[in-house]
Each structure stands twice: as C-alpha cells, then as structure tokens.
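Chemist: Protein chains in written order, with our numbering: chain A, 1 to 114; chain B, 1001 to 1114.
Ideal placement from N, C-alpha and C gives every residue a C-beta, glycine not left out.
I'd like to ask you about the structure that follows.
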C-alpha cells in the first residue's frame, strides 16, 4: 500500500513567490518522522527538513517550512521567496519505528519561472 | 557534514557482466542503503544494512547482492547484468535506524547496461 502520496507531478511558481508542495502519508504508528528532499537535475538527493510526529511546532529551515497537520496526515513543504535554483524534484519521505528504511513519495517537479 | 561517496557518476557495462557499485560514508553511520530510481517509479529500496556483515532485503532485491565488510563501505553487486537494470542507483546512510534520523545520499550512479 502506498504510504506517501504526492499528488502534484509538476508545479510552476514565479520567482520570489511562495509555493506549497503537498504530501500526505499513511501510518498506524504514533511515532514517525517526516522528511523532505530536493533532487536537482544533477541527481544528488539533498536533505531539506525534518518533522517528528510528536513535535508541537512546525519545522522551519531557512526558506523552507513544513505545514504539519497531524490529524489530516499531511506534511506540506512551503518554500518562501522562490529562487531559480529551487527548480528541482522534491520528495516527501517517512520513517517509522519498525524497520530501518524510509518510504518515499513519487515526487513533485518544481519549476521556478523568472 | 556527512559525506557519502559513490565510486562512479556514470557507468556503462554489457549484458552478463558482473558489476560492482561502491559506496563509502565518512561519519561512522550504522545504516546504509541502496536504492534504484526510475522515472515514474520513484525510489525503490534494493537492500539495506544495519551493521557490518548484516543485510536485509528491500522491495526489489532480485538480481542484486550486497556486501558490507567494513562499517564505512557498502557495495552493490549485479551478479549478471541485464538491460532492465539500467537505472540511477543511489546509496544512502543514516546514523541509526531511528525514525528521527535523515538518510544522507551520495551523488548517484547512472548505470547503463548494453
């Protein structure tokens, strides 16, 4: 069963505007971690931000913030003041206590327009 | 910063060859992972290791094996390469298997089997 769902295959945003990338997840564990990664065209996966299931506040890292709505099982990534260098694939991922691996969504391709 | 190094960015091999993909991490991480990434299919886990000489099958282990003789090195082996193994291969490591630990990725190896 799909554990991580990213419903937006592609998104466009104007430079300097904010954009929200959607992510919903499915788990029965009360304890889990949510992550976002950026993959530029060069291929490397860059870790952006982490949110724990017990964290009371939404995570922030510079221009990245995570809109965490636990009851709705959503963990949307918000990028403020978009830059041309933000154009990339973005992956949402989840890690649960059972097992050691991480489950990834299918990704969203973000294109920032000048 | 964590450094995960994959031995090759691009690799071209022939059908039937035995192929070795090497991955080294420099942060004394317990866990290491091999994924393959294909368009439309996202990241799929091939194998992971949570300790030296320990390995666990992921979602798609068929046609692959792994070796972890030293903590810092995790090798992926294609026993007899086939054209359907043409893909992007990503190695990752994490400090532990805890659900608050991000995985850190190498730059990836684009493998073509002719």
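Measure the alpha-carbon distance for residue 50 of chain A versus residue 1102 of chain B and round it to whole angstroms.
Modeler: Numbered from 1 along the first chain, position 50 holds the residue referred to as residue 50 of chain A. Numbered from 1 along the second chain, position 102 holds the residue referred to as residue 1102 of chain B. Each residue's alpha carbon lies about 8 Å from the other.
Chemist: Enumerated in chain order, which unbroken segments of the beta strand (DSSP E) with a length of 3 residues or greater are wholly contained in the region 48 to 102 of chain A?
Modeler: Qualifying beta strand (DSSP E) stretches, in chain order: 64 to 69, 74 to 79 and 88 to 95.
Chemist: When you compare the CB positions of residue 74 of chain A and residue 24 of chain A, do they come within less than 8 Å of one another, or not?
Modeler: The residue given as residue 74 of chain A occupies position 74 in the first chain. The residue given as residue 24 of chain A occupies position 24 in the first chain. Cβ distance < 8 Å, so residue 74 of chain A and residue 24 of chain A count as in contact.
Chemist: Apply the 10 Å Cβ neighbour rule to residue 46 of chain A and answer buried if 16 or more other Cβ atoms are within range, or exposed otherwise.
Modeler: By 1-based counting over the first chain, the position of residue 46 of chain A is 46. Under this definition residue 46 of chain A is an exposed residue.
Chemist: Whose C-alpha, out of A/104, A/62, A/12 and A/79, is nearest the C-alpha of residue 1036 of chain B?
Modeler: Here residue 1036 of chain B refers to the residue found at position 36 when the second chain is read from its first residue. Nearest of A/104, A/62, A/12 and A/79 to residue 1036 of chain B, Cα basis: A/104.
Chemist: Hey, out of B/1080, B/1047 and B/1071, whose CA is closest to residue 1089 of chain B's CA?
Modeler: In the second chain, counting from the first residue as 1, residue 1089 of chain B sits at position 89. It is B/1047 whose Cα lies nearest to the Cα of residue 1089 of chain B.
Chemist: Using only CA atoms, which one of B/1078, B/1063 and B/1001 lies nearest to residue 1022 of chain B?
Modeler: Here residue 1022 of chain B is taken as the residue at index 22 of the second chain, counted from 1. Checked all of B/1078, B/1063 and B/1001; the closest Cα to residue 1022 of chain B is B/1078.
Chemist: Contact check, residue 21 of chain A vs residue 66 of chain A under 8 Å by CB: the rounded distance?
Modeler: Start at 1 with the first residue of the first chain, and residue 21 of chain A comes out as number 21. Start at 1 with the first residue of the first chain, and residue 66 of chain A comes out as number 66. At roughly 10 Å, the Cβ-Cβ gap does not stay under 8 Å, so residue 21 of chain A and residue 66 of chain A are not in contact.
Chemist: On the three-state DSSP scale, how would you describe residue 1031 of chain B?
Modeler: Position 31 of the second chain holds residue 1031 of chain B. Three-state result, residue 1031 of chain B: strand.
Chemist: Looking at C-alpha atoms only, which residue of A/88, A/70 and A/83 is the closest neighbour of residue 26 of chain A?
Modeler: As a first step, residue 26 of chain A is located in the first chain; it is residue number 26 there, counting from the start. It is A/70.
Chemist: Per DSSP, residue 1092 of chain B is paired with what?
Modeler: Counting from one through the second chain, the residue named residue 1092 of chain B turns up at place 92. Its beta-bridge partners are B/1033 and B/1105.
Chemist: Taking the beta strand (DSSP E) that residue 1046 of chain B belongs to, which residues open and close that run?
Modeler: Taking the second chain and counting its residues from 1, the one referred to as residue 1046 of chain B is at position 46. It spans 1042 to 1051 - the beta strand (DSSP E) in which residue 1046 of chain B sits, taken as one unbroken run.
Chemist: Counting only Cβ pairs nearer than 9 Å, list the residues of chain A close to residue 1076 of chain B.
Modeler: Locating residue 1076 of chain B in the second chain gives position 76, counting from the first residue. Near residue 1076 of chain B there are no residues of chain A at all, since even the closest Cβ is about 15 Å away, more than 9 Å.
Chemist: Here's a check: name, in chain order, each residue in its chain whose Cβ is nearer than 6 Å to the Cβ of residue 1016 of chain B, leaving out the five neighbours to either side.
Modeler: Residue numbering aside, residue 1016 of chain B sits at position 16 when the second chain is read from its first letter. Contacts found: 1080.
Chemist: Within its chain, find whatever has a CB closer than 7 Å to the CB of residue 63 of chain A; leave out the 5 residues flanking it on each side and keep chain order.
Modeler: In the first chain, residue 63 of chain A corresponds to position 63, counting from 1. Here the set comprises 79, 80 and 81.
Chemist: By the 7 Å beta-carbon criterion, what residues does the region 9 to 33 of chain A contribute toward chain B?
Modeler: Per Cβ criterion, the list reads 31, 32 and 33.
Chemist: In terms of alpha-carbon separation, which member of A/97, A/91, A/110 and A/96 lies closest to residue 1041 of chain B?
Modeler: Your numbering for residue 1041 of chain B matches position 41 in the second chain. When each option's Cα is compared against that of residue 1041 of chain B, the closest is A/91.
Chemist: Taking residue 1061 of chain B as the query, report the chain A residues whose CB atoms sit under 7 Å from its CB, ordered along the chain.
Modeler: Position 61 of the second chain holds residue 1061 of chain B. Correct list: empty, because the minimum Cβ distance to chain A is about 12 Å.
Chemist: How about residue 1032 of chain B and residue 1068 of chain B: are their beta carbons less than 8 Å apart?
Modeler: Along the second chain, one-based indexing puts residue 1032 of chain B at 32. Along the second chain, one-based indexing puts residue 1068 of chain B at 68. Taking 8 Å as the Cβ cut-off, residue 1032 of chain B and residue 1068 of chain B qualify as a contacting pair.
Chemist: Indicate the three-state DSSP secondary structure (helix, strand or coil) for residue 8 of chain A in the structure shown.
Modeler: As a first step, residue 8 of chain A is located in the first chain; it is residue number 8 there, counting from the start. In the structure shown, residue 8 of chain A sits in coil (DSSP, three-state: anything other than H, G, I, E or B).
Chemist: Could you tell me which of A/61, A/48, A/3 and A/68 sits nearest to residue 55 of chain A, measuring between CA atoms?
Modeler: Working through the first chain from its first residue, we reach residue 55 of chain A at position 55. It is A/68.
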